[in-house]
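Participant: Quick one: the structure is below, questions incoming.
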Amino acid sequence: MFVDHVKVYVRGGDGGDGMVAFRREKYVPNGGPAGGDGGKGADVVFIVEEGLRTLMDFRYKRIFKADRGTHGMSANKHGAKASDLIIKVPPGTVVKDADTGETIADLVEHGQTAVIARGGRGGRGNSRFATPQNPAPELSEKGEPGFERNVVLELKVLADAGLVGFPSVGKSTLLSVVSAAKPKIAEYHFTTIVPNLGMVETDDHRSFVMADLPGLIEGAHEGVGLGHQFLRHIERTRYHPRNRYVRDGRP
Numbered sequence: 038m039f040v041d042h043v044k045v046y047v048r049g050g051d052g053g054d055g056m057v058a059f060r061r062e063k064y065v066p067n068g069g070p071a072g073g074d075g076g077k078g079a080d081v082v083f084i085v086e087e088g089l090r091t092l093m094d095f096r097y098k099r100i101f102k103a104d105r106g107t108h109g110m111s112a113n114k115h116g117a118k119a120s121d122l123i124i125k126v127p128p129g130t131v132v133k134d135a136d137t138g139e140t141i142a143d144l145v146e147h148g149q150t151a152v153i154a155r156g157g158r159g160g161r162g163n164s165r166f167a168t169p170q171n172p173a174p175e176l177s178e179k180g181e182p183g184f185e186r187n188v189v190l191e192l193k194v195l196a197d198a199g200l201v202g203f204p205s206v207g208k209s210t211l212l213s214v215v216s217a218a219k220p221k222i223a224e225y226h227f228t229t230i231v232p233n234l235g236m237v238e239t240d241d242h243r244s245f246v247m248a249d250l251p252g253l254i255e256g257a258h259e260g261v262g263l264g265h266q267f268l269r270h271i272e273r274t275r276y277h278p279r280n281r282y283v284r285d286g287r288p
């Protein structure tokens, strides 16, 4: 199933709590403070995986919470930072804040990363609060909560050329002839309901990616046919001539 638009919830990990602890040494008031700091919470990080072609994985899992940092320990031992939560997305994924509509990241290249929700800072242990006036503080901090937000993921297919036109005019047939792609072809409208990609190689050994998009008809902006939401997939194409050879019903 081809999925190109999903809404998910992400939350960075909470920071670990600082600790109240004391050393037990002779001639040191109350043993001296020895509480360690809490570790930083994990970030939620999106990374582009070249082998992915759809947002299908997000259809069944829409909540992502990163791990919290480890709490501080005695003997001034600091808590460990939590490992970041890595989430793979296909190239061409645009991440937007669901509440404001602001674009957070535009992920197009393999290995490209973006921090979507940062983890909270770890709390300080009581050894951080020692002063000459209060050499043995019984005070520590709680870890900060991780940042949370709802985000919308939109997939815009990366292609060099896009085929846009009326239904049943031969767009899928053309793609099947010039590339090794095997789109569904039949004698009825809207056979193509999701974009199809094919790699085309020219006689001089150059290559480019061609995208076959669902048919577009009058009134699509009002939901007629398959609508026009899929037009997001031509925004990144280098060239997308509209198919004008439709008067006689042939491509």
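Those letters in the sequence shown? Residues 38 to 288, per the working numbering, in order. Cβ coordinates follow ideal geometry from the N, Cα and C atoms, glycine included.
Starting from the N-terminal side, write out each stretch of the beta strand (DSSP E) that is 3 residues or longer and does not extend beyond the region 90 to 134.
Facilitator: List check, beta strand (DSSP E) in window: 100 to 102, 122 to 126 and 130 to 134.
Participant: Label Asp-54 either buried or exposed according to how many other C-beta atoms from any shown protein chain fall within 10 Å of its C-beta, with 16 as the threshold for buried.
Facilitator: The residue labelled residue 54 in the question sits at position 17 within the sequence shown. Result: buried.
Participant: Going by DSSP, what residues sit across from Tyr-46 in a beta bridge?
Facilitator: As a working note, residue 46 is residue 9 in the sequence shown. The partner list for Tyr-46 (beta bridge, DSSP) reads Ile-100 and Asn-187.
Participant: Would you kindly report the start and end of the unbroken beta strand (DSSP E) that includes Thr-150?
Facilitator: By 1-based counting over the sequence shown, the position of residue 150 is 113. Element bounds for Thr-150: 150 to 154.
Participant: Are the region 61 to 77 and the region 199 to 208 touching by the rule of at least three beta carbon pairs closer than 8 Å?
Facilitator: No, because fewer than three Cβ pairs between the region 61 to 77 and the region 199 to 208 fall closer than 8 Å, the two stretches do not touch.
Participant: Can you tell me whether Pro-220 is buried or exposed, with buried defined as 16 or more other CB within 10 angstroms of its CB?
Facilitator: Locating residue 220 in the sequence shown gives position 183, where the first residue counts as 1. By the neighbour-count rule (16 or more Cβ atoms within 10 Å), Pro-220 is buried.
Participant: Which partner residues does Gly-199 have in the DSSP bridge list?
Facilitator: Position 162 of the sequence shown, counted from the start, is the residue given in the question as residue 199. DSSP lists Ala-248 as partners of Gly-199.
Participant: May I ask which residues mark the beginning and end of the alpha helix (DSSP H) holding Thr-137?
Facilitator: Along the sequence shown, one-based indexing puts residue 137 at 100. Taken as a continuous stretch (DSSP letters only), Thr-137 belongs to no alpha helix (DSSP H), as it is neither H nor E.
Participant: Less than 7 Å between C-beta atoms, sequence neighbours within five positions excluded: which residues of the same chain meet that for Ala-79?
Facilitator: As a first step, residue 79 must be located in the sequence shown, where it is residue number 42. Excluding residues within five positions, the ones whose Cβ falls inside 7 Å are Gly-49, Gly-50, Ala-103, Asp-104, Ala-119, Ser-120, Asp-121, Leu-122 and Gly-156.
Participant: Among the candidates Asp-94, Leu-92 and His-108, whose CA atom is the shortest distance from the CA of Ala-58?
Facilitator: Counting from one through the sequence shown, the residue named residue 58 turns up at place 21. The shortest C-alpha separation from Ala-58 is found at His-108.
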